[in-house]
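Asker: Below: one structure in structure tokens.
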Amino acid sequence: MTSAGRRSCFEGANAYFARHGVFVLVTGALAVVANFLRLSEFGFYEDDWYYCAQAFIYTPQEWFGQLLNSVRNFYAGRPVQEIFLYMFSWVGAALGSPVALYLEAAVLLVLASVLMYHVLRLRYPVFFALFASLLFSISPLTTIRQHLNGTLWSAPAFILLFTAFLLYGRGLRAAAFLPAVAALMTYEPVGLLFLAAPVFERRRRRLRRLVAHCAAFGLLLGIYILIRAKLGEPRLNESLAGFGWNSIWQVLKYDLLFSIQSFRSYIFACHFGLVNKSISTLWWTALTGGLIFLRLKSMPALFSAWRRRPASMPRAKFFWWLRRAALPSLGLILLGYALTYFTLPRQLLYPFAGRDTRVSLAASFGSSMLAVSLVYLALLLSPQRWWRRVVAITALAVSLMVLRFSFVVQEDYAKAWSDHKNLLLQMVLLSHDISPDSLLLIERLPPSAGRPASINTQPHGLQVSFTRLFRRNHGPSVQVVYSDHWKRYLEIRSDGRLYWKQREFYGAHYLDTSRPLGPIIHFVEHKPICLRRVENPLYISGRQIIKQRQPEAFEKHIKNNWAAFERSTLVSWVLPDFALQP
1072 MTSAGRRSCF EGANAYFARH GVFVLVTGAL AVVANFLRLS EFGFYEDDWY YCAQAFIYTP
1132 QEWFGQLLNS VRNFYAGRPV QEIFLYMFSW VGAALGSPVA LYLEAAVLLV LASVLMYHVL
1192 RLRYPVFFAL FASLLFSISP LTTIRQHLNG TLWSAPAFIL LFTAFLLYGR GLRAAAFLPA
1252 VAALMTYEPV GLLFLAAPVF ERRRRRLRRL VAHCAAFGLL LGIYILIRAK LGEPRLNESL
1312 AGFGWNSIWQ VLKYDLLFSI QSFRSYIFAC HFGLVNKSIS TLWWTALTGG LIFLRLKSMP
1372 ALFSAWRRRP ASMPRAKFFW WLRRAALPSL GLILLGYALT YFTLPRQLLY PFAGRDTRVS
1432 LAASFGSSML AVSLVYLALL LSPQRWWRRV VAITALAVSL MVLRFSFVVQ EDYAKAWSDH
1492 KNLLLQMVLL SHDISPDSLL LIERLPPSAG RPASINTQPH GLQVSFTRLF RRNHGPSVQV
1552 VYSDHWKRYL EIRSDGRLYW KQREFYGAHY LDTSRPLGPI IHFVEHKPIC LRRVENPLYI
1612 SGRQIIKQRQ PEAFEKHIKN NWAAFERSTL VSWVLPDFAL QP
């Protein structure tokens, strides 16, 4: 690059930071602090064990071979999502630290939030763009921003979508379809939002151009679905099984009801942000909110509620915000939930927390815009200073409660990982007589009533943990049950081996009926996160299936069979060294 070229780049960067630097800094800082302040206390949750953890036990050749096979076979119909998950997981494993995975997630979320700010600046004032992007980074609609197998693909999906919006808004409409299709192949509900790209054009929208845009993207969407159907992709076949005219009504019902229910997520977050008793969450909320206020206090719009206004407010301004911001935002929410019927189990139950809140990921964009639009509309309802102050104070209070809830979610993640490690450690310490074919069966307490946990509401992560902590998936199996009914669902088959009778029953799921079971080491959770080993005999077809320790195990030191398992690099991050000593 010539000196003139370097000077031009330097001047361009200076101009960018002079115009946007403060807003980009605030947006990025909030995304990191509100979601990853405690990243050193986070771990692997649920599906993380299938992607992120496995990267630590395979060679790069094996790992990328799996990636190629997954993309070639159109696994789950989302090949770009698979690429993101495999690539980012491999980078974390190559750096030798799971913490690196969270640093990647933080960077991706920052980039998505900053790009959203720039998308909104195509059409809206800086105050609107800034606070909508801030709200997006702490949106209460979803609690999986700290979930690696959530952010490592959802943030890239939004990055692709916002890139498509920016290209479209700058007149590069044909080029915009490339990242839009990539977003669709990452996560369909996010990619579908590209139908709203004309909203972010400054020039007047003509009906012919709108129809052409929807038709072009609809054609690409149809081709994508046909390819998945041609390949016999199971997720698509399952979603469309029995689909008919009645199903169309169900799709619309799910979309409308989930869109309405999404407003309750703000009430949910405000309530639990308010009643939370942690001093830490209160301190970080006050500090973060205070620093943002000090950094933005020079913005004229920030104090508009305290300035004098004309006695009569122009109606045109109110209807501009209604027509150009509030209604398009509502449309984006409806688009975000358009595929809900296909992406969740067929239960009309809106999730407020947990991994199922991924269904609200796409809607969080429009929801953040709508929340700020409603504040603008409320401020324009009356010229009275007292009214504007009430609106401003209410908006500030709600924002602070939602911000505090984001720290509550981080507490949930830290506690869930601590509990997970604690359970694994107790199982190891109570089973020195383990063998490679043993089944560690945990009879857990039912989930407690009260606020639903933000993560780890499903047991499958715990069930595969040991197979990821030891190389080549050679760790023992774990089965979690939530009742003592499990004893009725075991059988000895004709080959003389023990099997589960069915794939699920009350209190247990994800059972493998084709795999023979070894000796069962039985644990009972007698109080939360406290296990004891139960060795009462249990006979199936005359055979005793519960593994019992020898009497001398209680009198002298016996060999710890866990020491014989070949460890992966993850073990030192999860279990203390003394637990695996011979």
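According to my numbering, the sequence shown holds residues 1072 to 1653 in order. Even glycine gets a Cβ: it sits at the ideal position worked out from N, Cα and C. Keep in mind it's a predicted model, so treat the numbers as computed, not measured.
How big is the Cα-Cα spacing for Ser1612 and Arg1586?
Answerer: One C-alpha to the other measures close to 18 Å.
Asker: Output needed for Glu1272: all residues of its chain with C-beta closer than 8 Å, excluding positions within five of it in sequence on either side, in chain order.
Answerer: Answer for Glu1272: Leu1193, Arg1194, Tyr1239, Gly1240, listed in chain order.
Asker: Please list the terminal residues of the continuous alpha helix (DSSP H) segment that includes Phe1202.
Answerer: Run containing Phe1202: 1197 to 1208, per the alpha helix (DSSP H) assignment.
Asker: Quick check: the Cα distance between His1545 and Leu1510, rounded to an integer number of angstroms?
Answerer: Going from the Cα of His1545 to the Cα of Leu1510 covers about 13 Å.
Asker: So what does DSSP say about Glu1626, is it helix, strand or coil?
Answerer: At Glu1626 the pLDDT is 47, less than 50, meaning the model places this residue with poor confidence; the figure from the coordinates comes in the next sentence. Residue state, collapsed to three classes: coil.
Asker: Closer than 8 Å is the cut-off here; do at least three beta carbon pairs connect the stretch 1426 to 1445 with the stretch 1245 to 1260?
Answerer: Yes, the stretch 1426 to 1445 is in contact with the stretch 1245 to 1260.
Asker: For Glu1626, does the count of other Cβ atoms within 10 angstroms reach 16, so buried, or fall short, so exposed?
Answerer: Any reading at Glu1626 is ruled out, since the residue's pLDDT is 47, under 50, leaving its predicted position unreliable.
Asker: Keeping to the same chain, check which residues put their C-beta closer than 6 Å to that of Asn1220; ignore five residues upstream and five downstream.
Answerer: Same-chain partners within the cutoff: Asp1118, Asp1119, Tyr1122.
Asker: What distance in whole Å lies between the Cβ atoms of Leu1474 and Ile1215, which are believed to be in contact at a cut-off of 8 Å?
Answerer: Their Cβ separation, rounded to whole angstroms, is 18 Å, which puts Ile1215 and Leu1474 out of contact at 8 Å.
Asker: Going by other Cβ atoms of all chains shown within 10 Å of its Cβ, with 16 needed for buried, is Lys1598 buried or exposed?
Answerer: The residue in question, Lys1598, is exposed, as its Cβ has fewer than 16 Cβ neighbours within 10 Å.
Asker: As a quick exercise: from Arg1279, Ile1319, Leu1398, Cys1341, pick the residue whose alpha carbon is nearest that of Phe1478.
Answerer: Measuring from the Cα of Phe1478, the nearest candidate turns out to be Cys1341.
Asker: Using the Cα positions of Trp1644 and Gly1163, report the straight-line distance between them to the nearest angstrom.
Answerer: Using only the alpha carbons, I get a separation of about 14 Å.
Asker: Is it buried or exposed for Pro1211, if we count other Cβ within 10 angstroms and need 16 for buried?
Answerer: With 16 or more Cβ atoms within 10 Å of its Cβ, Pro1211 is classed as buried.
Asker: Using CA atoms only, rank isn't needed, just tell me which of Asn1144, Leu1445, Ala1171 is closest to Leu1110.
Answerer: Nearest of Asn1144, Leu1445, Ala1171 to Leu1110, Cα basis: Ala1171.
Asker: Any contact of the stretch 1629 to 1649 with the stretch 1531 to 1545, i.e. 3+ C-beta pairs under 8 Å?
Answerer: The stretch 1629 to 1649 is in contact with the stretch 1531 to 1545.
Asker: DSSP on Ser1435, reduced to helix/strand/coil?
Answerer: Ser1435 falls in the helix class under three-state DSSP.
Asker: Is DSSP giving Ile1294 helix, strand or coil here?
Answerer: It is helical.
Asker: Tell me whether Ser1351 sits in a helix, a strand or coil according to DSSP, three-state version.
Answerer: If DSSP states are grouped into helix, strand and coil, Ser1351 belongs with the helices.
Asker: Please tell me whether Ser1400 and Ser1444 are closer than 8 Å, where the distance is taken between their beta carbons.
Answerer: Yes, Cβ-Cβ distance for Ser1400 and Ser1444 is below 8 Å.
Asker: Select from Gln1455, Ser1536, Arg1559 the residue whose C-alpha is nearest the C-alpha of Ser1548.
Answerer: The option with the nearest alpha carbon to Ser1548 is Ser1536.
Asker: Which first and last residues belong to the beta strand (DSSP E) in which Val1551 is found?
Answerer: It spans 1548 to 1552 - the beta strand (DSSP E) in which Val1551 sits, taken as one unbroken run.
Asker: Which runs of the beta strand (DSSP E), 3 residues or longer, sit entirely within the stretch 1431 to 1498?
Answerer: Entirely contained in the stretch 1431 to 1498, not one beta strand (DSSP E) run reaches 3 residues.
Asker: Let me know if Ile1319 comes out buried or exposed under the rule of 16 or more other beta-carbons within 10 Å of its beta-carbon.
Answerer: Flag for Ile1319 reads exposed.
Asker: What do you reckon, are the CB atoms on Ile1600 and Lys1618 nearer than 8 Å?
Answerer: No, the pair does not count as a contact, with Cβ atoms beyond the cut-off.
Asker: Please report the residue range of the alpha helix (DSSP H) in which Glu1133 lies.
Answerer: Segment 1131 to 1143, the alpha helix (DSSP H) holding Glu1133.
Asker: In this structure, does DSSP put Cys1123 in helix, strand or coil?
Answerer: Reduced to three states, the DSSP call for Cys1123 is coil.
Asker: Check each candidate in Arg1143, Arg1149, Ile1128, Tyr1129 and name the one with the smallest Cα separation from Thr1414.
Answerer: Of the listed residues, the one whose Cα sits closest to Thr1414 is Arg1149.
Asker: Could you pull out every residue in the same chain whose Cβ sits closer than 7 Å to the Cβ of Pro1654, ignoring the five residues on either side in sequence?
Answerer: Because the chain spans 1072 through 1653 in this model, residue 1654 falls outside it and cannot be assessed.
Asker: DSSP beta-bridge partners for Leu1602?
Answerer: Partner(s): Glu1596.
Asker: Ala1124: buried (16+ other C-beta within 10 angstroms of its C-beta) or exposed?
Answerer: Buried.
Asker: By Cβ distance, which residues of its chain are closer than 8 Å to Gln1534, with the 5 residues on each side in sequence left out?
Answerer: Once the five neighbours on either side are set aside, the close Cβ partners of Gln1534 are Ser1548, Val1549, Gln1550, Val1551, Tyr1581.
Asker: Under three-state DSSP, which class holds Ile1338?
Answerer: The answer is helix: DSSP assigns Ile1338 an H, G or I state.
Asker: Buried or exposed: Ser1204, going by 16 or more other Cβ atoms within 10 Å of its Cβ?
Answerer: Buried is the call here.
Asker: Using alpha carbons as the reference points, say which of Ala1442, Asn1631, Leu1323 lies closest to Ala1396.
Answerer: Among Ala1442, Asn1631, Leu1323, the Cα nearest to that of Ala1396 belongs to Ala1442.
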